[in-house]
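In terms of UniProt numbering, the sequence shown is residues 1 to 174.
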Amino acid sequence: MSPAQPPIRDAAPCDAAAIARLHNALWHETYAVLAPPEVRQAMTEEIRLERWRALLGGPGPHAALVAGSGPDLAGFALLGPPTEAIFGGRCEVKHLFVRRDRQGEGLGRRLMAEAAHRAVHFGFSGLGLGVVDGNDGAIAFYAALGGVRAAPTSTPAHAGGQEIGCSPGTISAV
1 MSPAQPPIRD AAPCDAAAIA RLHNALWHET YAVLAPPEVR QAMTEEIRLE
51 RWRALLGGPG PHAALVAGSG PDLAGFALLG PPTEAIFGGR CEVKHLFVRR
101 DRQGEGLGRR LMAEAAHRAV HFGFSGLGLG VVDGNDGAIA FYAALGGVRA
151 APTSTPAHAG GQEIGCSPGT ISAV
């Protein structure tokens, strides 16, 4: 039997340490074979904690969402204005991670549904995101939500990746 579905809520400054810990662990797990060793070594929990504290502690044109409460979060999402022209009028999903032991429960879909709702509220036409080539699980997940592959890119942020666009109407909560 799967655990109860955690609530999706806005992240607060007090969540910075839990998000940084989860982000670091899941990023290293996901990119163990996709990112060069020097990039993996540079991405530490301490650096992530500084970034999350800055994001959650100040104003900004972004939304940070978490699944769960306290130090044991099941997942998170970060969205904000697009950083690449290919996103057009779409809000960019900058991060979406769900703990591997909680994948398949609908948490990623629920986080994306809330992200789509926020994007429309912020005045965007949909969601866009970059996925590194080789992250086949993520590509399949976004395709199942109605995501459409745009074009390959070689921007520093998404080198060797591809951009995916999602329409808010194609993402529904389960």
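Cβ atoms here follow ideal geometry from the backbone N, Cα and C, with glycine treated the same way.
Remember, predicted model here, so these are calculated numbers, not experimental data.
Just list the residues that DSSP pairs Cys91 with in beta bridges. According to DSSP, Cys91 bridges with Leu127.
What would DSSP say about Arg99, mapped onto helix, strand or coil? For Arg99, the three-state secondary structure derived from DSSP is coil.
Express the C-alpha separation of Pro82 and Glu92 in angstroms, rounding to a whole number. Answer to the nearest angstrom: the Cα atoms are 5 Å apart.
For Glu114, count neighbouring Cβ atoms within 10 angstroms of its own Cβ and tell me buried if that reaches 16, exposed if not. Around the beta carbon of Glu114, 16 or more other beta carbons sit within 10 angstroms, so the residue counts as buried.
Label Glu163 either buried or exposed according to how many other C-beta atoms from any shown protein chain fall within 10 Å of its C-beta, with 16 as the threshold for buried. For Glu163, the predicted model reports a pLDDT of 45, less than 50, meaning its position is unreliable; a value from the coordinates is still stated below. Buried, by the Cβ-count rule.
Segment limits, beta strand (DSSP E) that includes Val120: In this chain, Val120 is not harboured by any beta strand (DSSP E); it is covered by the alpha helix (DSSP H) spanning Leu107 to His121.
Please report the straight-line C-alpha distance between Phe141 and Gly130, rounded to a whole angstrom. Across the structure, Phe141 and Gly130 are spaced so that their CA atoms are roughly 13 Å apart.
Please tell me whether Phe97 and Gly128 are closer than 8 Å, where the distance is taken between their beta carbons. At a Cβ-Cβ threshold of 8 Å, Phe97 and Gly128 do not count as neighbours.
So what does DSSP say about Gly80, is it helix, strand or coil? Shown here, Gly80 sits in a strand according to DSSP, grouped into three states.
Assigned secondary structure, Asp133 (DSSP; H/G/I helix, E/B strand, else coil): Residue state, collapsed to three classes: coil.
For Asp72, collect the residues of the same chain with a Cβ closer than 6 Å to its Cβ; drop the 5 residues on either side in sequence, then sort them by chain order. So the list is empty, once near-sequence residues are dropped.
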